Each structure stands twice: as structure tokens, then as C-alpha cells.
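**Q** Supplied in C-alpha cells, the structure appears directly below.
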Amino acid sequence: MNKRPIVGITMGDPAGNGAEITVKALANPVVYENSRPIVIGDANCMEQAVKIVGQEGKIRIHAVKEVKDACFEYGVIDVYDMGLVDMEKHIFGKVSKMCGEAAFQYVVKVIDLAMKGEIDATVTNALNKEAINMAGHHYSGHTEIYADYTNTSKYTMMLAHDNLRVVHVSTHVSLRQACDLVKKDRVLEVIRIADNACRALGIENPNVGVAGLNPHCGENGMFGTEEIEEIQPAIDAAMAEGICIPEKKPTPPDTVFSKALGGWYDIVVAMYHDQGHIPLKVKGFVYNRELKKWDAVAGVNVTLGIPIIRVSVDHGTGFGHAGTGSADELSLANSIEYAIRLANNKK
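At position 279 of the sequence shown the residue is numbered 287 (the working numbering), and the sequence of numbers has no breaks.
Okay, here's the thing in C-alpha cells:
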């Protein structure tokens, strides 16, 4: 049983839905059969969440100050208690310096525990970028925090839902700047990361699809030359290293994801943020127009290239309905599953 990986889960912004969906996700006994989860956050917030989602009498919170003191038993949620939230000042759905500071420190702590080898993988609930910047921490998101605190310069994010996986040449930059960042060395770097990511998931011989940047991949230079000057040379170099790119050239962005869904590729290299995010969220985010609610908010975000495992929910803090108990835990459940899979393959 002790071979089960220890998974550290950050609580996210205390004003959001992170604590609620964490309780919901950890109410599934299968999580404990396959892993040893521990929440990095505030015990008081987690106790409040147990009440909000109707799990009183079924789940109790066990506050600890060291990972070794966790009991890892179903029905008990171990919380590495940071004690950063004043519950008298806590307001759901409100951006605040207090909650931004707490959310940031949860992330710093989970990274520290992973770097020290006390936990095997990390999973992050959503934080609010405005709140962490209000607290004086000037980062555009989790990925950049992880890169900084692990001293990593070459990294990217992978979005995944079922068998659709996407990695990005650039993420949190303007679209104008994203076009300028499509350079051979960076594209090659991300192709390598994509190949390694699939192997880390147990895919022995990955097929990598590489999206073009321009409509129709530029039509031989009519609509842009990035495919000719930057992307194709990167593909040629990757194939020379033995990486399998079935089409041997960039694939038009308007068909590459349909092909991936059809099984042509195990992963797609996207050239910029929205090129990769939109197809993943079209597939994973399902809104019921009759019931006027989300049937599914699925998908995970994996940071690749860093020395530790990090998987995140692929949605925001849910400030609009935080504190109601209505948030969907599916993305967090998927994230925990992915983290377990990556940790087991790493071992």
C-alpha cells in the first residue's frame, strides 16, 4: 500500500471553489486506493467546505504540520495547515490580498515538498492572478511560478482531455508577440517535450502532430513564411532525432485537432495559447442549454519540462458560484488521476 504515490493538492484561492471541489474529489474512495492525497491549504477553509458540500459526518479534516503526520485514510482529508486565512475576513467570490497571498504560499509550499521528495506529485486548484499580484507576487500564472521556483528555463504546458493532448510553443503573451516567438529552436524544444511527455504517460512510440501558424500553413508563403523558415526546419531536426511526426510537415491548424481526435496523433504541438486551448475546451467543457448549467468541466493542465510533476485543473476559481457547493469536481478528479499516472510511470 505504501507504493501509492503521495499527491499534494493545493487548495487554490480561498475565495474560490477549490476547497469545495477538493472535498468532492476526495469523497471518492478510489483516490485513496490509488494514492495518498494531502491538501496544502487552510484546515478552517476545508472544514467549512465539508459543510458546504454536505459531507459532515462522512468526512473529517485532519490538520498536520508535516507530511509524515498524515494518515492517508479514506474518510479523512489530511490538510497541511498553513493557517493563512482569517475566517472573519474571508468572503467568497471577492478578490483580496489575503487570499492571493494564501494561494501563492500554498503553491510555494507544494513545490518545496516535491523538490525535497516528501511528495511524489503536485496538483493545483485555481488561483486568481489579480489576487496574487495584489499580494505582491508578479506572475501570470501557476506555470511561471513553478518554472521560477524550480529554476527551469525550458518548459511548456500540456492540456489534456481523454486522448486529446496539446502542448504550446507560447502561452501567456499577446497574439502579436506569440507570432514572433515561433522560432525553430523553440518549436524543436516543444516537440521534444511533447515526445517525452507521451513517454512519461507510458506511450512507447508517440506520434506527434505539429500545427502550422498561418491559415493553410501559409500556402507556400502566400499567407506567411513561418512554416517554411521556422516550423519545417524544427520538424526536420526532430525527425532526425527519431521523433515520429507522421506527416513530416506542419499540419493546417483547422484540421490538426480533428486528426488528433481521430487517432492520427498522440499529442499536438500548438503555436500559441488559444490555438491549443480552444479545441480542448470545446471538447471538455459541455454546457447544457436547457438546464442552464455545465454538464462537464473536464480537462487537465500539465507543466512539462520541470523536475517535478505538476497537474492542474483547466478552469478558473469559480468566484461566481463559490460557497454554494455547486462546483463540478471533474477536472480536479481528472488532474489527480493524471498525477497518479505520471508518478507511477516515473517510479
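C-beta atoms are modelled at their ideal positions from N, C-alpha and C, and glycine is treated no differently. The structure displayed is predicted, hence computed values, not measured ones.
Could you tell me if Pro45 is buried or exposed, where buried requires 16 or more neighbouring beta carbons within 10 angstroms of its beta carbon?
**A** The residue labelled residue 45 in the question sits at position 37 within the sequence shown. Flag for Pro45 reads buried.
**Q** By DSSP, does Ile46 sit in helix, in strand, or in coil?
**A** Taking the sequence shown and counting its residues from 1, one reaches residue 46 at position 38. Looking at Ile46 - three-state DSSP - the assignment turns out to be strand.
**Q** What residue from Val93, Gly229 and Glu234 has the CA that sits closest to Met279's CA?
**A** Taking the sequence shown and counting its residues from 1, one reaches residue 279 at position 271. Restricting attention to Val93, Gly229 and Glu234, the CA atom closest to the CA of Met279 is found in Glu234.
**Q** Do the region 301-318 and the region 334-342 make contact, defined as three or more Cβ pairs closer than 8 Å?
**A** Short answer: they touch.
**Q** Count the other C-beta atoms from every protein chain shown that fall within 10 angstroms of the C-beta of Cys79, then say buried if there are 16 or more, exposed otherwise.
**A** Reading the sequence shown from its first residue, position 71 is the one you call residue 79. With fewer than 16 Cβ atoms within 10 Å of its Cβ, Cys79 is classed as exposed.
**Q** Could you give the first and the last residue of the continuous beta strand (DSSP E) run that contains Val93?
**A** Numbered from its first residue, the sequence shown carries residue 93 at position 85. Premise fails: Val93 is in no beta strand (DSSP E) and is neither H nor E.
**Q** Using a Cβ-Cβ cut-off of 7 Å (strictly less than) and excluding sequence neighbours within five positions of Glu64, which residues of its own chain qualify?
**A** What you label residue 64 is simply residue 56 of the sequence shown in a count that begins at 1. Around Glu64: Val58.
**Q** Does the distance from the C-beta atom of Ile199 to that of Val216 stay below 8 Å?
**A** To locate residue 199, count along the sequence shown from 1; it is residue 191. To locate residue 216, count along the sequence shown from 1; it is residue 208. Closer than 8 Å, so yes.
**Q** Out of curiosity, what's the CA-to-CA distance linking Asp50 and His70?
**A** For the purposes of this step, residue 50 is taken as residue 42 along the sequence shown, with counting starting at 1. For the purposes of this step, residue 70 is taken as residue 62 along the sequence shown, with counting starting at 1. Cα to Cα, Asp50 sits roughly 11 Å from His70.
**Q** Let me know the secondary structure DSSP gives Thr164 once reduced to three states.
**A** The residue labelled residue 164 in the question sits at position 156 within the sequence shown. If DSSP states are grouped into helix, strand and coil, Thr164 belongs with the strands.
**Q** Which residue or residues does DSSP assign as beta-bridge partners of Gly217?
**A** For the purposes of this step, residue 217 is taken as the residue at position 209 of the sequence shown. According to DSSP, which records beta bridges pairwise, Gly217 is partnered with Val276.
**Q** Counting C-beta neighbours from all protein chains within 10 Å, is the total for Arg68 16 or more, i.e. buried, or is it exposed?
**A** In the sequence shown, residue 68 corresponds to position 60, counting from 1. Flag for Arg68 reads exposed.
**Q** In the DSSP output, which residue or residues are listed as bridge partners for His70?
**A** On the sequence shown, residue 70 is found 62 positions in, with the first residue counted as 1. For His70, which the question treats as bridged, DSSP gives the partners Asp86.
**Q** Out of Leu196, Glu197 and Val177, state which residue places its alpha-carbon closest to the alpha-carbon of Asp188.
**A** Mapped onto the sequence shown, residue 188 falls at position 180. Taking only the C-alpha atoms, the option nearest Asp188 is Val177.
**Q** Cβ atoms of Ala245 and Leu312: under 8 Å apart, would you say?
**A** The residue you call residue 312 lines up with position 304 of the sequence shown. The residue you call residue 245 lines up with position 237 of the sequence shown. No. Outside cutoff.
**Q** Can you tell which of Thr18, Ile60 and Ile48 has its C-alpha closest to the C-alpha of Thr332?
**A** Along the sequence shown, read from residue 1 onward, the residue named residue 332 stands at position 324. Thr332 has its Cα closest to that of Ile60, out of Thr18, Ile60 and Ile48.
**Q** Along the chain, where does the alpha helix (DSSP H) containing Gly271 start, and where does it finish?
**A** Working through the sequence shown from its first residue, we reach residue 271 at position 263. Counting along the chain, Gly271 falls outside any alpha helix (DSSP H), and DSSP gives it neither H nor E.
**Q** Have a look at Ala129 and Met230 and give me their C-alpha separation to the nearest angstrom.
**A** Here residue 129 refers to the residue found at position 121 when the sequence shown is read from its first residue. Here residue 230 refers to the residue found at position 222 when the sequence shown is read from its first residue. Each residue's alpha carbon lies about 46 Å from the other.
**Q** Would a C-beta distance cut-off of 8 Å place Ile236 and Ile243 closer than the cut-off?
**A** One-based indexing of the sequence shown puts residue 236 at position 228. One-based indexing of the sequence shown puts residue 243 at position 235. Against a cut-off of 8 Å, the Cβ pair of Ile243 and Ile236 comes out as no contact.
**Q** Which residues in the same chain have their Cβ closer than 8 Å to the Cβ of Gly108, if we skip the five residues on either side of it in sequence?
**A** The sequence position of residue 108 within the sequence shown is 100, counting from 1. Asp21, Leu135, Asn136, Glu138, Ala139, Ile140, Asn141, Met142, Ala143 and His145.
**Q** Please determine, among Tyr40, Gly24 and Leu167, the residue with the shortest C-alpha to C-alpha distance to Ala202.
**A** Against the sequence shown, residue 202 aligns to sequence position 194. Among Tyr40, Gly24 and Leu167, the Cα nearest to that of Ala202 is on Leu167.
**Q** Measure the beta-carbon distance from Leu221 to Val181 and round it to whole angstroms, keeping in mind my assumption that it falls under 8 Å.
**A** Residue mapping note: residue 221 aligns to position 213 of the sequence shown, counting from 1. Residue mapping note: residue 181 aligns to position 173 of the sequence shown, counting from 1. A Cβ-Cβ separation of about 14 Å leaves Leu221 out of contact with Val181 under the 8 Å criterion.
**Q** Give me, in chain order, the residues of the same chain whose beta-carbon lies closer than 8 Å to that of Arg207; leave out the 5 immediate sequence neighbours on both sides.
**A** Position 199 of the sequence shown, counting from 1, holds the residue named residue 207. Pro214, listed in sequence order.
**Q** Leu338 by DSSP, collapsed to three states: which one?
**A** Along the sequence shown, read from residue 1 onward, the residue named residue 338 stands at position 330. Leu338 falls in the helix class under three-state DSSP.
**Q** Since I believe His98 is in contact with Lys291 (beta carbons under 8 Å), could you give me their beta-carbon distance rounded to a whole number of angstroms?
**A** By 1-based counting over the sequence shown, the position of residue 291 is 283. By 1-based counting over the sequence shown, the position of residue 98 is 90. About 35 Å; that fails the 8 Å criterion.
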